[in-house]
Amino acid sequence: MGVSIDDVAAQAHVSTATVSRALRGLPRVSEATRAKVFSVAAELGYVPSRSASGLATGRTRTVGVLVPFVDRWYFGHAIEGIDQVLRENGYNLLLFSLGGYLHGQKRSFTESMVRKQIDALLVLSLGLSEEELRQLHHTDIPLLSVGGPVNGCRGVYIDDVAAATAAMDHLIGLGHRRIGHLRGGVQDEQTFRVPALRTVAFEAAMARAGLEPRPGWNAAGEFTVSDGMQAAARIFEAPGERPTALFCGSDEMALGAMFEAQRRGIRIPEELSLIGIDDHDFSAPAGLTTIAQQPWEHGRAAAGMLLAELGGTAGAVRDVTMPFELKVRRSTAPPPREA
24 MGVSIDDVAA QAHVSTATVS RALRGLPRVS EATRAKVFSV AAELGYVPSR SASGLATGRT
84 RTVGVLVPFV DRWYFGHAIE GIDQVLRENG YNLLLFSLGG YLHGQKRSFT ESMVRKQIDA
144 LLVLSLGLSE EELRQLHHTD IPLLSVGGPV NGCRGVYIDD VAAATAAMDH LIGLGHRRIG
204 HLRGGVQDEQ TFRVPALRTV AFEAAMARAG LEPRPGWNAA GEFTVSDGMQ AAARIFEAPG
264 ERPTALFCGS DEMALGAMFE AQRRGIRIPE ELSLIGIDDH DFSAPAGLTT IAQQPWEHGR
324 AAAGMLLAEL GGTAGAVRDV TMPFELKVRR STAPPPREA
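Per the numbering used here, the sequence shown starts with residue 24, numbered consecutively.
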């Protein structure tokens, strides 16, 4: 049998990940270790395949992007920003789509990424288990999250608590006291921290204003238009008085709530104010008040940091809090006088 990477790692007394990084010219390997790995590889006659190591350049010049969905607004624009920076610098993008958050189900993306020999990985708004994080860090490639915090990983995202607080401050400042909440589903919150952070901010803002959240005005769903419609319908059909405002965890949910309200003849903003977070492409035409963020800029910033790290800039990968902005449009107004 031929000499394997495991043989080189064993004789050099380093991990296989370190051997791979050293032979591919990736950062975060000391010159002494790199020299030792090359010496042992030459001594054993180990020659990695062109497909495995990218011998022409020493790297694959490919960055992996791990995403739970490809059909959501945030993810699509973030990927666009990432791809722009990679193409500008002669890198390719390799997309790993999980088709959902898949809580409680085994995910096999780690093995696939290692086999494909990407140079770095961006994780888009996806919670990772401790075992998944351990495996990813063991591969010793630059790793960065985009759109939401991931334990043990640097990231590029807005302060979701501050963003949701700004949305609530806007509603409360208009005089609303009967405020409902369309939030991310419980399953999402177990694997994806952004919905939970926005819920925490909603509850804290209500408490500061001396307001008690009503269970019948709290409805969960995924960050989609259809789930926003269904969640809003549950609130509208709850017994008793309706809320005068809804804080929605995303613009897609808010747009769904807007469609459902209009279907039922509920006037916006005369009878119901709506606010979301994101500034979806359809939010301005719909007149939706929102907390705007720019995912394409998040993607560009993250890709730029990874490429700087790959270029040898120490500490290039770091936490970056991106800006957000309240955009007041037609969907919010003071509550009806009788409220």
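We put the CB at the ideal spot given by N, CA and C, even for glycine.
- Taking C-beta separations shorter than 7 angstroms and ignoring five residues to either side along the sequence, the partners of arginine 287 in its chain run Phe259, following chain order.
- Beta-bridge annotation (DSSP): lysine 350 is paired with Thr313.
- In this chain, valine 60 is not harboured by any beta strand (DSSP E); it is covered by the alpha helix (DSSP H) spanning 54–67.
- Between the beta-carbon of tryptophan 240 and that of alanine 261 there is about 7 angstroms, and that keeps the pair under the 8 angstroms contact cut.
- With fewer than 16 other beta carbons inside 10 angstroms of its own, aspartate 304 counts as exposed.
- Around the beta carbon of glutamine 285, fewer than 16 other beta carbons lie within 10 angstroms, which makes this residue exposed.
- For the stretch 255–333, the full-length alpha helix (DSSP H) segments reaching 4 residues or more read 274–286, 306–309, 318–333 along the chain.
- In the three-state scheme derived from DSSP, where H, G and I count as helix and E and B as strand, valine 248 is classed as helix.
- In this chain, the beta strand (DSSP E) harbouring tyrosine 180 covers 178–181.
- Three or more Cβ pairs closer than 8 angstroms define a contact, and the stretch 59–68 falls short of that threshold against the stretch 110–123.
- Comparing C-alpha distances from threonine 83 to each of Ile164, Met328, His36 shows the shortest one belongs to Ile164.
- Assignment of threonine 41 by DSSP, reduced to helix, strand and coil, places it in the helix class.
- Within the same chain, and ignoring the five residues on either side of threonine 247 in sequence, the residues whose Cβ sits closer than 8 angstroms to its Cβ are Arg95, Glu275, Met276, Gly279.
- For alanine 187 and serine 27, the gap between their C-alpha atoms comes out near 52 angstroms.
- Apart from sequence neighbours up to five positions away, the residues of its chain that approach glycine 208 with a beta-carbon distance below 6 angstroms are Ala243, Gly244, Glu245, ordered along the chain.
- Out of Ala190, Leu156, Ala189, the CA that lies nearest to the CA of asparagine 174 is found in Leu156.
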